[in-house]
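**Student:**
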Amino acid sequence: MQNNTKNPLIIALMGVLTALCLAVQLSPRPPNVEFTSLFTFTFGFLFGPFLGVLFGSFVMFVNGFFSPWGFAGPNLPFQIAGMAIVGLAGGLYKRYVKGYNAAGFCIEVAVLGAFLTELYDLVTNFGVAFSYMIVGMNPSLAVFTALAYGTPFSLVHVFSNIAVFGIMFFPLIGSLNHVLRVENLG
Amino acid sequence: MVEKRTLLFASLLMFVLAMLTSSLAGYFYLQNAVSSEQNAENLQSIDAMATRYNDAMTKYNKLLSDYSMLYGSYSLSQDTDFTLPTDSLNDLLDHAEGNFSSLLASQKDLNETCYELRGKCQALLARGNVTREEFGELLNELYELLNLLVIRELNSAMSEVTTLAINMCIDYGNETVKWYNNTDVSPGSSLFQAIQKVATVNYTYYAWMKPGHIRLTAINDKEEYAIGYSEGWSWIWYYWNDDLQQLVSGPVGCDAWMLKDGGTYKWRFEHWSWP
């Protein structure tokens, strides 16, 4: 872990991927179709849970200030926490990978993508609910309203990430592995 | 036998689907609740409008009945002195003012018309020996005022249900042009009321001018002025004519021109001269 954090190549990759995430966020696209989760999961998968959490937190922290929706405000800690979970899951998943049989692996990753996206949406919706509570809304109503009104976005988010994770993860780790020559991929 | 790993991923997928389905149910429940609430509010507004409509009509019918009696005394009487009916007309004006007091308080031009009529009436009463022609003129003005009052009252009732959005332009004549797009106004508002929403105005009331008695003399401190007797600079208003697809000069006083939703109106400070 210590080696990884001192590796300039990894630090550079972290910067490049963060910039790429922001570029995607700022480019015209359907709302909630994003690649940040995929990059975070991949980063965790390649470099372990610690760097996964670090990358997820960092990218969401930066995104909180440069998002096309404006400053994230009170939702920022929730976004950071949500994406940190995705990075952590990427690192943990690597430990339990059975093999790189393309079909099974892609399906597993797609399901994980759906689950992690749902989890991320839950966490950030709680953040939205928290901002409602700050302005005086009843807590249960705030949670219910935030979850309910987040649903259309969540649907797009989950289903698009099923496709993004299922299709792109396998080729992505292959290329990154090739470029970085990461050892002990599995 | 299903492998544990497959079972785990199937459970994760089930969890996601369950969450999405329940959130979707919550979403539709909330949407339904919100639209029901909006429907109830709309119904309430329509009820309130109907009540105000009934009130306005009741007041109008009552005032019109009294007016009819006055008119009868005017058309059937062979008298030459109409001082007594003028006194009754003064009372009727009192009733009208009392019945539409809130409307008169909020609409300057109507208030001014009422004030002018009362002034005329009281001047004639003070002088005495009111002639048939003088009384006839008062009756006409009162009739116009009553109609205008009820129209404005109905418009005001409508404003509880909907609002109009208009575009207003002020051209100061020195290349400074300001647009006030999507300005909300109540249905039945006149151009005079609308300009007061976006600017500070000075105006002059002309009792003899019809329809509409008001002419603006200044907008946002830009005062009109004359150069001798034959030329000057004044505020002229225009409206967008959909048929002609161009701005057309206002044909009546700005207080008589009723606004329409999506309408475009322009005030321009421009030079005029007599030939």
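Protein sequences appear in the order of chains A and B.
Residue numbers 1 to 186, in the working numbering, belong to the letters of the first sequence in order.
Residue numbers 187 to 461, in the working numbering, belong to the letters of the second sequence in order.
We treat Cβ as the ideally placed atom computed from N, Cα and C, and that holds for glycine.
Keep in mind the model is a prediction, meaning the values are calculated, not measured.
(1) Kindly indicate which residue of B:C440, B:W458, B:D407 and B:E409 has the alpha-carbon position closest to the one of B:E417.
(2) On the DSSP letters alone, give me the boundaries of the alpha helix (DSSP H) that B:R313 sits inside.
(3) Does DSSP classify B:Q264 as helix, strand or coil?
(4) So with CB distances below 9 Å, who are the chain B contacts of A:A148?
(5) A:A23 CB to nearest chain B CB: under 9 Å?
(6) With a threshold of 9 Å between beta carbons, is A:P31 in contact with chain B?
(7) Does DSSP put A:R29 in a helix, a strand or coil?
(8) Could you check whether the region 356-366 of chain B touches the region 326-346 of chain B, counting it as contact only if at least three pairs of C-beta atoms, one from each stretch, sit closer than 8 Å?
(9) Roughly how many angstroms separate the alpha carbons of A:G70 and A:P8, rounded to a whole number?
(10) I'd like to confirm the pairing. Which residues does DSSP put opposite B:C355 in its beta bridges?
(11) Do A:F115 and B:V347 have their CB atoms nearer than 9 Å?
(12) Does chain A have any CB closer than 9 Å to the CB of B:F201?
(13) Which one of A:I162, A:F144 and A:A81 has the shortest CA to CA distance from B:Q217?
(14) On the DSSP letters alone, give me the boundaries of the beta strand (DSSP E) that B:T159 sits inside.
(15) Measure from the C-beta of A:V111 to each C-beta in chain B and report whether the shortest distance is under 9 Å.
(16) So B:T403 is in the beta strand (DSSP E); what residue range does that whole segment cover?
(17) Where does B:S416 fall in DSSP's three states?
(18) Which residues mark the beginning and the end of the beta strand (DSSP E) in which B:Q431 is found?
(19) For a test of the three-state rule: what should DSSP assign to B:D280, helix, strand or coil?
(20) Starting from A:T117 and walking both ways along the alpha helix (DSSP H), at which residues does that stretch end?
(21) Three or more beta-carbon pairs under 8 Å between the region 80-93 of chain A and the region 51-62 of chain A, yes or no?
(22) Report the option in B:L262, B:L325 and B:Y213 whose CA atom is closest to the CA atom of B:L279.
(23) Near B:V384, what residues of its chain come up, given a Cβ to Cβ distance below 8 Å and the 5 sequence neighbours on each side ignored?
(24) Under 8 Å by Cβ, that's how I've got A:V123 and A:A81 pegged, so tell me the actual separation to the nearest angstrom.
(25) Using a Cβ-Cβ distance cut-off of 9 Å, determine whether B:L198 contacts chain A.
(26) Could you have a look at B:V371 and say whether DSSP puts it in helix, strand or coil?
(27) In terms of residues, what are the limits of the alpha helix (DSSP H) holding A:Y96?
(28) Over what stretch of residues does the alpha helix (DSSP H) that includes A:G48 continue unbroken?
(29) List, in order along the chain, the chain A residues whose C-beta lies closer than 7 Å to that of B:L193?
(30) Report the three-state DSSP secondary structure of A:G186 (helix, strand or coil).
(31) Report yes or no: do the region 259-269 of chain B and the region 228-248 of chain B share at least 3 C-beta pairs separated by less than 8 Å?
**Tutor:** Let me lay it out:
(1) For the options B:C440, B:W458, B:D407 and B:E409, the alpha carbon positioned closest to that of B:E417 is the one of B:W458.
(2) Its alpha helix (DSSP H) spans residues K294 to R313.
(3) Of the three classes helix, strand and coil, the one that applies to B:Q264 here is coil, per DSSP.
(4) Using a Cβ-Cβ cut-off of 9 Å, A:A148 is close to S209, L210, A211, G212, Y213, F214, Y215, L216 and Q217 of chain B, given in chain order.
(5) Not closer than 9 Å to any Cβ of chain B, the Cβ of A:A23 fails to qualify, so no.
(6) Not one chain B Cβ lies under 9 Å of A:P31.
(7) Residue state, collapsed to three classes: coil.
(8) Fewer than three pairs of CB atoms, one per stretch, sit closer than 8 Å, so the region 356-366 of chain B makes no contact with the region 326-346 of chain B.
(9) Cα to Cα, the separation comes out at about 31 Å.
(10) DSSP lists B:W365 and B:K452 as partners of B:C355.
(11) Going by C-beta atoms, A:F115 is not nearer than 9 Å to B:V347.
(12) At a cut-off of 9 Å, the C-beta of B:F201 has a neighbouring C-beta in chain A.
(13) Comparing Cα-Cα distances from B:Q217 to each of A:I162, A:F144 and A:A81, the minimum goes to A:F144.
(14) In this structure chain B extends from 187 to 461, so residue 159 of chain B is not present and cannot be described.
(15) With respect to chain B, the C-beta atom of A:V111 has a partner C-beta closer than 9 Å.
(16) Run containing B:T403: I400 to I405, per the beta strand (DSSP E) assignment.
(17) In the three-state scheme derived from DSSP, where H, G and I count as helix and E and B as strand, B:S416 is classed as coil.
(18) Note, B:Q431: premise wrong, no beta strand (DSSP E); not H, not E.
(19) B:D280 falls in the helix class under three-state DSSP.
(20) Here the alpha helix (DSSP H) through A:T117 covers A102 to I134.
(21) They touch, by the three-pair rule.
(22) The shortest Cα separation from B:L279 among B:L262, B:L325 and B:Y213 belongs to B:L325.
(23) If you ignore the 5 residues before and after B:V384, its C-beta comes within less than 8 Å of the C-beta of M354, I356, Y366 and T369, all in its own chain and listed in chain order.
(24) About 6 Å separates the two Cβ atoms, so the contact holds.
(25) Yes, contact with chain A.
(26) The three-state reading of DSSP puts B:V371 in strand, counting E and B together.
(27) If you look at A:Y96, you'll find it isn't in any alpha helix (DSSP H); DSSP assigns it neither H nor E.
(28) In the DSSP annotation of this structure, A:G48 is not part of any alpha helix (DSSP H), being labelled neither H nor E.
(29) Under the 7 Å cutoff, chain A gives no residues; its nearest Cβ is about 12 Å from B:L193.
(30) Caution is warranted here: a pLDDT of 45 is assigned to A:G186, below 50, making its placement in the model unreliable, and the coordinate value is therefore given only provisionally. Under the three-state reduction of DSSP output, A:G186 falls in the coil class, being neither helix nor strand.
(31) The region 259-269 of chain B is not in contact with the region 228-248 of chain B.
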